[in-house]
Ligand SMILES: Cc1cc2nc3c(=O)[nH]c(=O)nc-3n(C[C@H](O)[C@H](O)[C@H](O)COP(=O)(O)OP(=O)(O)OC[C@H]3O[C@@H](n4cnc5c(N)ncnc54)[C@H](O)[C@@H]3O)c2cc1C
Ligand SMILES: NC(=O)c1ccc[n+]([C@@H]2O[C@H](COP(=O)([O-])OP(=O)(O)OC[C@H]3O[C@@H](n4cnc5c(N)ncnc54)[C@H](OP(=O)(O)O)[C@@H]3O)[C@@H](O)[C@H]2O)c1
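In our numbering, the protein residues as written are 1 to 471.
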C-alpha cells in the first residue's frame, strides 16, 4: 500500500486533493444514507449517492414511489424526537415529543437542505448490481444499464422493506376467503371498517395496527406466539427514553430499573390477557405503545395465542378457539436483503450477517453498511456516527484492528447477542443505541491512534478513476 507521502495524502481529509481519496458509491438516501454522505462531503471524499426514489427519506416518505416505505397514514415515531435527531441538527422545538411521519420526512428534508446535500444525490436511479472485481474496484450497474467504477461501497438500503411472511405459511392460507396482507402494505384503518380483523405479532407494527383496527372494526383479535413487555411512551411525565441511561453503568443495573418501572406502572401483561413474556425487558426488541393496553382494557381488542390455521372465513388459534375473520394482517417482520449483490457474494440468510460493529465486513475491504442495526433507541444518531467512522477510515484517520481482533470482536458480539436476546430472526442486529455509540467512539479513538502510529495510510487505494479513464 502507498505511504501517505507517496500518495500525497495529508491526514486532514478536507485539505487532501480528492483525486487521492477513494471514490465511494453510496446506495440509498434514506435517513442513513443522507448522514453518511454528509460525513463524506465534510471530508472531501468523492462520492456518488444513488437513490431509487425521487425523494430522500426512504421509509419516512408515505406512499414513496420506490414502493419500499412501510409508513402508514397515521404512523408516529416511537422513539422521542430528542433521541431520533442527528447530533448537530435537532428536530424543532415546535414538534411534539413523538411526531407524525410527515414531520419526520420534513426534518430529513431540512437536514439535506441545511447541509447542501440534495444536489449530491442522483435520484430515480436504482443500483441494480454491485460486484467487486479481482483488483478490488467496485463495478456498479445502474437500472438504466450504465456501469460505473468505485473504490468503496457504502450500503444504506434500509432493512424494513422486504416483508417476512410467516414461515411456513399457516395451513389453509391459500384457501382463506378473506384478505391477507403484511404490515408493509398496510395504509390505513379503512380496510377494517365494520370487519373482523386478526392482527398477528407483538412488535410495534402489530401494536399500532391493532389499535387502529380497534376503533373501526367489528372485532379485533391480537394473536401472538410470544409475550412482550409493553413499554409506555411516557413515565413520570417524560418520554421513557429520556430517563437517565449512562452507558458506564452496567446494563444489568439499568435493565433492572426499567424492568421494575414498567412492571410497577403497567403490571404484568398476563393481567390484560396477553401472553406472559418469556424474557425480561431488554431481551427483545422493544415493543412501545401508549395505547394497546387501554384498548384491550376497553374490550376493543381481544388477545389470542398464535394462529394455528385458517379455515375458510375463520381463523383457528392454538388454544382451539376460533373467530370469523375478514382481514388478517401479518406483522411478522422483515428480511435483510441486498438484491444488488449476487447471493454467492453476500447475503443475510435468516437475517444473519457478521460485521465488525455492524459496519465493516471482515473479509471484503471497501464495503460498509450504514444503519444496518435494530436499536433499543433510534437508528439516526447511530447512522450518523457510523458514517463519520467510515469517512475517518477512508481518509486514513482510522485504522481497523488486526483481522484476528476483528474476528474476535465479531464473535464475542454474536455470543453476547445470543445470550441476551430471545432467539428470533428479529434479533440478529440488535444494539443498545447509547452503549453502541459510546463503544464506537472509543473504537474510533483507538483506531485513530493506530492510524497515527501507522502514518495515516489510506486503507483503500484510489484506483477507480484511473481504471475508468483508461477503459
Ligand atoms: C413502520 C416503521 C416505523 C419505524 N419507526 C421508527 C422509529 O420511530 N424510530 C427509528 O429510529 N426507526 C424506526 N423505524 C426503522 C426504520 O428502518 C428507520 O427509521 C429508518 O427508515 C432507517 O433509514 P435507512 O436510511 O436505513 O433505510 P430506509 O428508510 O429504508 O431508506 C433506504 C433508502 O435506500 C434506497 N434504496 C434501497 N435500495 C436501493 C438501490 N438498490 N438503489 C438505490 N437506492 C436504493 C431506498 O429508496 C430508500 O430511500 C421504523 C420502521 C418501520 C417499518
Ligand atoms: N410507531 C413506530 O415507530 C413503529 C411502528 C411499527 C414498526 N416499527 C419498527 O419497525 C421495525 C419492524 O417492526 P415490526 O413490528 O414490523 O416487526 P418485528 O419487530 O420484527 O416483529 C415481528 C413480530 O412478529 C412475530 N412473528 C414473526 N414470525 C412469526 C410467525 N411465523 N408466527 C407468529 N409470530 C411471528 C415476532 O415474534 P418473535 O418475537 O417470537 O419472533 C414479533 O412479535 C422495528 O424496528 C419496529 O420498532 C416502529
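Just so it is clear, CB atoms sit at the ideal spot from N, CA and C, and this is done for glycine as well.
For residue 199, the uninterrupted beta strand (DSSP E) run begins and ends at 196-200, by DSSP. Taking 4 residues as the minimum length, the alpha helix (DSSP H) runs contained wholly in the segment 232-307 are 251-266, 292-297, in order along the chain. Residue 470 has its alpha-carbon roughly 46 Å from the corresponding atom of residue 426. Beta-bridge pairing by DSSP links residue 457 to no other residue.
At a threshold of 6 Å, residue 127 counts as near ligand 1, since its beta carbon sits closer than that to one of the ligand's heavy atoms.
A Cβ-Cβ separation of about 6 Å places residue 410 in contact with residue 362 under the 8 Å criterion. The alpha carbon of residue 35 has as its nearest neighbour, out of 382, 285, 442, 431, the alpha carbon of 382. Counting other Cβ atoms within 10 Å of its Cβ, residue 419 stays below 16 and is therefore classed as exposed. Non-local C-beta neighbours of residue 239 in its own chain, meaning closer than 8 Å and more than five positions away in sequence, comprise 80, 82, 83, 97, 98, 233, ordered along the chain. Residue 417 has its CB no nearer than 6 Å to any heavy atom of ligand 2. Residue 220 is bridged by DSSP to 197. Under the three-state reduction of DSSP output, residue 165 falls in the coil class, being neither helix nor strand. Boundaries of the beta strand (DSSP E) harbouring residue 149: 147-150, taken from the DSSP string. For residue 131, the uninterrupted beta strand (DSSP E) segment begins and ends at 127-132. When the alpha-carbon of residue 100 is set against those of 77, 144, 267, the nearest one is in 77.
Secondary structure at residue 379: coil, using DSSP grouped into helix, strand and coil. Contact between residue 323 and residue 186 fails: their C-beta atoms lie close to 20 Å from each other, not under 8 Å.
Between residue 23 and residue 465, the C-beta gap is smaller than 7 Å, which places the two residues in contact.
Judged by DSSP secondary structure, residue 346 falls outside any alpha helix (DSSP H); it is assigned neither H nor E. Note that the segment 222-231 touches the segment 202-209; at least 3 beta-carbon pairs, one per stretch, sit closer than 8 Å. Within a 10 Å sphere around the beta-carbon of residue 243 sit fewer than 16 other beta-carbons, which makes this residue exposed. The DSSP assignment places 31-42, 81-84 as complete runs of the alpha helix (DSSP H) inside the segment 9-90, in order along the chain (cut-off: 4 residues). DSSP places residue 407 within a helical segment (H, G or I) once states are collapsed to three. A residue is called buried when at least 16 other Cβ atoms come within 10 angstroms of its Cβ; residue 393 meets this threshold and is buried. In the structure shown, residue 324 falls within a strand segment according to DSSP collapsed to helix, strand and coil.
Using a 10 angstroms sphere on the CB of residue 374, the tally of other CB atoms reaches 16 or more, which defines it as buried. Three or more Cβ pairs closer than 8 Å define a contact, and the segment 165-185 falls short of that threshold against the segment 254-262.
The beta-bridge partner set that DSSP reports for residue 431 consists of 375. Listed in chain order, the non-local C-beta contacts of residue 195 below 7 Å within the same chain comprise 217, 218, 326, 327, local neighbours out to five positions each way being set aside. In terms of CA proximity to residue 306, 319 leads the group 37, 300, 319. Residue pairing by DSSP places residue 154 opposite 26, 368 in a beta bridge. Taking the Cβ of residue 289 as the reference point, every heavy atom of ligand 1 lies at 6 Å or farther away. The Cβ atoms of residue 156 and residue 33 sit closer than 7 Å to each other. In the displayed model, residue 330 falls within a strand according to three-state DSSP.
Residue 229 is positioned such that its CB atom lies no closer than 7 Å to that of residue 191.
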